[in-house]
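>
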Amino acid sequence: MGRRDRNNDPRRPDAIVPYSQPPVSADAADPDFFGIISLLGAFIGLVTRQKFAVWLSLVAAIISQLTSKISEKEYRQGSGTLAFTLMGILMLYMQQLLTLTNEAVVAEKESLDRLAASSAGY
1 MGRRDRNNDP RRPDAIVPYS QPPVSADAAD PDFFGIISLL GAFIGLVTRQ KFAVWLSLVA
61 AIISQLTSKI SEKEYRQGSG TLAFTLMGIL MLYMQQLLTL TNEAVVAEKE SLDRLAASSA
121 GY
């Protein structure tokens, strides 16, 4: 076994071509089914006031974010689906929260009115 000499190296440094990744068109990308389920679930949940649809949408949005490829993140709007889903959850539960706080305010006002009426009688 002889030692290789640099002069006898068959590789040619002038023939080296650097690798460049081919551009990916938006049409060639795989469809994001979890992203579509997320958007549809959030929309259906908001329109029909179905809580399970919005929670399913949140799970699908998280799965969509976790399974997306780094190369596809430029073409996708994953954060938009997650934001839309969170907005759906907020809107769905905001009505219950406002109803509870409104009932608490009305009950407190009634108790203050009773207290004022009973103290005025003395």
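Position 92, counted from 1, in the sequence shown is what the UniProt record's numbering calls 92; the numbers after and before it change by one each time, with no gaps. Ideal Cβ positions, reconstructed from N, Cα and C, are used throughout, including at glycine. The structure displayed is predicted, hence computed values, not measured ones.
Give the straight-line distance between the Cα atoms of Arg49 and Ala116, rounded to the nearest whole angstrom.
In a straight line, the C-alpha of Arg49 is about 41 Å away from that of Ala116.
> Tell me where the alpha helix (DSSP H) around Ser38 begins and ends.
Segment 33 to 48, the alpha helix (DSSP H) holding Ser38.
> Please return the same chain residues whose Cβ sits closer than 7 Å to the Cβ of Ala61, not counting the five positions on each side in sequence.
Ser38, Thr81, Leu82, Thr85.
> Buried or exposed, going by whether 16 or more other CB atoms sit within 10 Å of the CB of Met1?
Residue placement at Met1 cannot be trusted, given a pLDDT of 48 that sits under 50; what the coordinates show is reported in the next sentence. Label assigned to Met1: exposed.
> Could you compute how far the alpha carbon of Ser68 sits from the alpha carbon of Leu97?
When rounded, the distance between both Cα atoms is 34 Å.
> If you follow the alpha helix (DSSP H) that Ala53 is in, where does it begin and where does it stop?
Element bounds for Ala53: 51 to 67.
> How long is the line joining the alpha carbons of Pro18 and Phe33, rounded to whole angstroms?
So the two alpha carbons sit approximately 35 Å from each other.
> Would you kindly check if the distance between the Cβ of Gly88 and the Cβ of Gly45 is under 7 Å?
Going by C-beta atoms, Gly45 is nearer than 7 Å to Gly88.
> Should Leu92 and Val54 be called a contact, given that it needs their Cβ atoms to be closer than 7 Å?
Yes, the pair counts as a contact, with Cβ atoms nearer than the cut-off.
> Please report the straight-line C-alpha distance between Ala120 and Leu112, rounded to a whole angstrom.
Between Ala120 and Leu112, the C-alpha separation is close to 12 Å.
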